[in-house]
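Undergrad: So the sequence shown is numbered by numbering that gives the first Met the number 0: it starts at 0 and just counts up by one.
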Amino acid sequence: MLKGKKIVLGVSGGIAVYKAVELLRLYVKAGADVFVVMTKNAQEFVTPLTFQTLSGNPVHTELFDLFQEKEIGHISLADRADLFVVAPATANLVGKVAAGIADDLLTTTIMATKAPVLFVPAMNVNMWENPIYRQNEEKLRSVGYQVMEPALG
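1) Please confirm if proline 87 has its CB atom under 9 Å from at least one CB of chain B.
2) Out of curiosity, what's the CA-to-CA distance linking asparagine 135 and alanine 80?
3) Go through its chain and collect everything with a Cβ distance to valine 120's Cβ below 6 Å, but skip five positions before and after it.
4) By how many angstroms is the C-alpha of leucine 139 removed from the C-alpha of alanine 29?
5) At the level of alpha carbons, what is the spacing between glycine 3 and tyrosine 26?
6) Between glycine 13 and the rest of its own chain, which residues show a CB-CB distance below 6 Å, the 5 nearest in sequence each way excluded?
7) Using only the alpha-carbon positions, how far apart do threonine 46 and aspartate 32 sit?
8) Using the three-state DSSP reduction, which class does leucine 8 fall into: helix, strand or coil?
9) If you run the structure through DSSP and keep just helix, strand and coil, what is phenylalanine 50?
10) Would you report the Cα separation of alanine 77 and threonine 112, rounded to the nearest angstrom?
11) Have a look at glycine 9 and valine 84 and give me their C-alpha separation to the nearest angstrom.
12) Inspect the beta-carbon positions of valine 93 and valine 58 and report whether they are closer than 9 Å.
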């Protein structure tokens, strides 16, 4: 099902970043070509080298990288995606996208893609139940994004 598909894996910062490493491994094992975009906060938990080694592709971290800018990095990434998965999706990232804020490579690429986007929330249950977060999640759903329901752990 994923063989030959191009997946952009957006990784935002939170303790659940380590789970994105396993998700990447499973996508690659299934035959997908995975391109990773990491926020600055995600890099505080796991280094880009880990994702690069497992994906076999360069990891994208900066909106204005001069080497990538000849391709207009976020547009190139957005256009190549068959599927865009954001895991973990922090409350901060969900709020930014719901508000239309595109101030880093990950949020800009999400806004530019025409591929289906799946958000995989990862946060404390109190944050997940917060009415402001719930409104932001509903806004994402209302514009066609998919949001996975969280599980414990």
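Note that the Cβ used here is the ideal one computed from N, Cα and C, for glycine as well. From a predicted model like this one, the values you see are computed outputs, not experimental measurements.
TA: Straight from the coordinates:
1) As a matter of chain content, chain B is missing from the structure shown, which is built from one protein chain.
2) 24 Å
3) Looking at the sequence shown, residue 120 is not valine but proline. Ala88 and Pro149.
4) 28 Å
5) 10 Å
6) So the list reads Pro87, Thr89 and Ala121, once near-sequence residues are dropped.
7) 20 Å
8) strand
9) helix
10) 4 Å
11) Straight-line Cα distance between these residues: approximately 6 Å.
12) no
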